[in-house]
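Below you'll find the structure, written out as structure tokens, and then a few comments.
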Amino acid sequence: KSQGSGFGVAFEWDIPLLEGYRHHVLDNVASQPSVTTYAGCDTPRVADYLREQKFDAVIVNGWVVKTCLQTLQACKRLRIPCLVRGEANHLRTRAWWKKVAQRFLVRRYAGYLYIGEANRNFYKSYGVPDDRLFPCRYCIELERFSRFDDDEVTRRAARDRWGIPQDAVCFLFSGKFEEKKHPRMLLESMLIAKNAGMKAHALMVGDGVLRAECETYAREQQLPVSFAGFINQSEIALAYQATDCLVLPSDAGETWGLVVNEAMACRRPAIVSRLVGCRRDLIEEGVTGASFTFGDRQALADLLLIFSRQPAQLREMGERAFQRTQDYSPLKAAEGIEVAVESTLLRWQRKASGGSR
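Sequential numbering of the sequence shown, starting at 14, is according to my numbering.
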């Protein structure tokens, strides 16, 4: 199953993902089904389904898998406006031929739902006009994360569970132990900060191909680090409650970084690399967190050292981070979709009646 891809363990999310939603699962004829490869999602009957259902508009989540392009082509044939909500940005370098292909592809959609500023700038760079750009911010279920009991008893119990000293500032890594997230970079920066006198702990949550390497490094360097393994959605808020600040040292493959939303919903600030997609939207330096140049372990170590000595300021930043993330909710995203669809349909109706598109 694709849910466990990258985590190194088989699992299913322990919260309902489709409950309460009308949905239909198309037949996937791919020889090797996957949601992480282009050929892994191949649904040739999507055109028949769109024709049967007579939708007013269609939204696709980018163009990474074949199904998304099959849907775009079907919408063109059926004259249904197709809007896109993807993650692409220009924070990573791409081969020239990919840029040419993207320029051709990007202009084929009727509307563009951007998840953040880096994504908006990507569309703008390919000439998408402002009247076809609509905010639909990347979001999480804020209530599920923000309603947990942030009390001292629960925090102490969570720290005991993972071997975190009660009086230590604790940094959190949460995610797949994979190359693009660079979990070892946090450990290497922890070592630099430790040698400079830092007294802090780190909790590493998640699993994946790099976990064994990270555990070996932490053990050899005698780092104050706990490895919790994979934690499912019903319990993940406890990891934020047990810690004081999220650290996400990812490269540009991290097109957003929803763990930052999660941390902020739990009133925790975040330190991210400047290649993380959400940085411009969620990180205000010294207010909701901080950022560092990707790969600069000394710069990250300096931030860890500073933050480890400022627990009161971390709490203040956490409160401001919580306020920042309130604009990144399912309700706000739904409102953005409504505006985008209504505006796009109005433009198409004008075109059909002989007006300007």
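Backbone N, C-alpha and C define an ideal beta-carbon position, used for all residues, glycine too.
>> Quick check on Val-78: does DSSP put it in helix, strand or coil?
In response: Assignment of Val-78 by DSSP, reduced to helix, strand and coil, places it in the coil class.
> Grouping DSSP H, G and I as helix and E and B as strand, with all else coil, what is Arg-370?
Replying inline: Only weak support exists for where Arg-370 lies, its pLDDT of 49 falling under 50; the value from the coordinates is given anyway. Correct three-state label for Arg-370: coil.
> Which residue comes first and which comes last in the alpha helix (DSSP H) that contains Met-383?
Replying inline: As shown, the chain starts at 14 and ends at 370. That puts residue 383 outside it, with no answer to give.
> From what residue to what residue does the alpha helix (DSSP H) around Pro-196 run?
Replying inline: Judged by DSSP secondary structure, Pro-196 falls within the alpha helix (DSSP H) whose first and last residues are 196-208.
> According to DSSP, which residues form a beta bridge with Val-273?
Replying inline: Paired residue(s): none; Val-273 is not in a bridge.
> Starting from Val-113 and walking both ways along the alpha helix (DSSP H), at which residues does that stretch end?
Replying inline: Residue range 109-119 is occupied by the alpha helix (DSSP H) that includes Val-113.
> Apart from the five residues on each side of it in sequence, which residues of its chain come closer than 8 Å, Cβ to Cβ, to Met-198?
Replying inline: Cβ neighbours of Met-198 beyond the five flanking positions: Pro-262, Gly-308, Arg-310 and Leu-313.
> For Arg-370, which residues from the same chain have a beta carbon less than 8 Å from its beta carbon, with the 5 sequence-adjacent residues on both sides left out?
Replying inline: Legend: pLDDT at Arg-370 = 49, less than 50; position of this residue unreliable, value from coordinates given subsequently. These residues qualify, in order along the chain: Arg-360, Trp-361, Arg-363 and Lys-364.
> In its own chain, which residues sit with a C-beta less than 8 Å from the C-beta of Leu-358, not counting the 5 before and 5 after it?
Replying inline: Hits under 8 Å: Asp-69, Ala-70 and Pro-94.
> Whole-angstrom Cβ separation of Thr-268 and Glu-100, contact assumed at under 8 Å?
Replying inline: Your pair Thr-268 and Glu-100 checks out as a contact, with CB atoms roughly 4 Å apart and the cut at 8 Å.
>> To test your reading of the DSSP string, which unbroken alpha helix (DSSP H) runs of 4 or more residues are found completely within the stretch 123-197?
In response: Listed in chain order, they are 130-138, 155-159 and 165-175.
> If you check the beta carbons only, do Ala-278 and Ser-159 fall under 7 Å apart?
Replying inline: Result yes, Cβ atoms of Ala-278 and Ser-159 sit closer than 7 Å.
> By Cβ distance below 7 Å, which residues in the same chain neighbour Met-330 in space, the five residues on each side in sequence not counted?
Replying inline: The beta carbon of Met-330 sits closer than 7 Å to the beta carbons of Pro-282, Val-300, Thr-301 and Gly-302 from its chain, once the five residues preceding and following it are set aside; these are given in chain order.
> Since Tyr-51 contacts Lys-79 with CB under 8 Å, what's their CB separation in whole angstroms?
Replying inline: Right, their Cβ atoms sit about 6 Å apart.
>> So, under 8 Å CB-CB, Leu-104 and Leu-288 are touching, yes? Tell me the CB distance rounded to an integer number of Å.
In response: Yes, Leu-104 and Leu-288 are in contact; Cβ-Cβ is about 5 Å, under 8 Å.
> The alpha helix (DSSP H) with Gly-349 in it runs from where to where?
Replying inline: 343-365 is the extent of the alpha helix (DSSP H) around Gly-349.
> Considering only the beta carbon of each residue, do Gln-339 and Asp-27 sit closer than 7 Å?
Replying inline: In this structure, Gln-339 keeps its C-beta atom at 7 Å or more from the C-beta atom of Asp-27.
> Going along the chain, which residues of its own chain have a beta-carbon closer than 7 Å to the beta-carbon of Ala-346, five neighbours each way excluded?
Replying inline: Hits under 7 Å: Cys-149, Arg-150 and Cys-152.
> If you draw a straight line from the C-alpha of Glu-192 to the C-alpha of Glu-65, how long is it?
Replying inline: Glu-192 and Glu-65 have their C-alpha atoms roughly 43 Å apart.
> When the Cα atoms are used, what is the spatial distance from Ser-44 to Arg-58?
Replying inline: The alpha-carbon atoms of Ser-44 and Arg-58 are separated by roughly 16 Å.
>> I need the boundaries of the beta strand (DSSP E) containing Phe-240, first residue and last residue.
In response: Segment 238-242, the beta strand (DSSP E) holding Phe-240.
> Going along the chain, which residues of its own chain have a beta-carbon closer than 7 Å to the beta-carbon of Leu-204, five neighbours each way excluded?
Replying inline: In its chain, beyond the 5 residues on either side, Gln-234 and Leu-236 have a beta carbon closer than 7 Å to the beta carbon of Leu-204.
> To the nearest angstrom, how far is it from the Cα of Ile-350 to the Cα of Phe-147?
Replying inline: Their backbone Cα atoms lie some 8 Å apart in a straight line.
> Just reading off the alpha helix (DSSP H) that Phe-307 is part of, what are its end residues?
Replying inline: Element bounds for Phe-307: n/a, residue is neither H nor E.
> Straight-line CA distance for Val-182 to Pro-324?
Replying inline: Their backbone Cα atoms lie some 7 Å apart in a straight line.
>> Using a Cβ-Cβ cutoff of less than 7 Å, which residues in the same chain neighbour Glu-228 once the five nearest sequence positions on both sides are dropped?
In response: Beyond the five residues adjoining it in sequence on each side, Glu-228 comes within less than 7 Å, by CB distance, of Phe-240 in the same chain, given in chain order.
>> Using CA atoms only, rank isn't needed, just tell me which of Gly-270, Arg-224 and Phe-184 is closest to Leu-259.
In response: Of Gly-270, Arg-224 and Phe-184, the residue nearest in Cα terms is Phe-184.
> Given a threshold of 16 other Cβ atoms within 10 Å of its Cβ, counted over all protein chains shown, does Val-42 qualify as buried or as exposed?
Replying inline: Val-42 should be labelled exposed.
>> For a test of the three-state rule: what should DSSP assign to Ile-13, helix, strand or coil?
In response: The question about residue 13 has no answer here: the residues shown for the chain are numbered 14 through 370.
>> Please list the terminal residues of the continuous alpha helix (DSSP H) segment that includes Cys-227.
In response: Looking at the DSSP string, the run of the alpha helix (DSSP H) that includes Cys-227 is 224-233.
>> Would Ala-171 and Leu-251 be called neighbours here (beta carbons separated by less than 7 Å)?
In response: A Cβ-Cβ contact shorter than 7 Å links Ala-171 with Leu-251.
> Could one say the Cβ of Met-203 lies closer than 7 Å to chain C's Cβ atoms, at least one of them?
Replying inline: The structure shown contains no chain C, having only a single protein chain.
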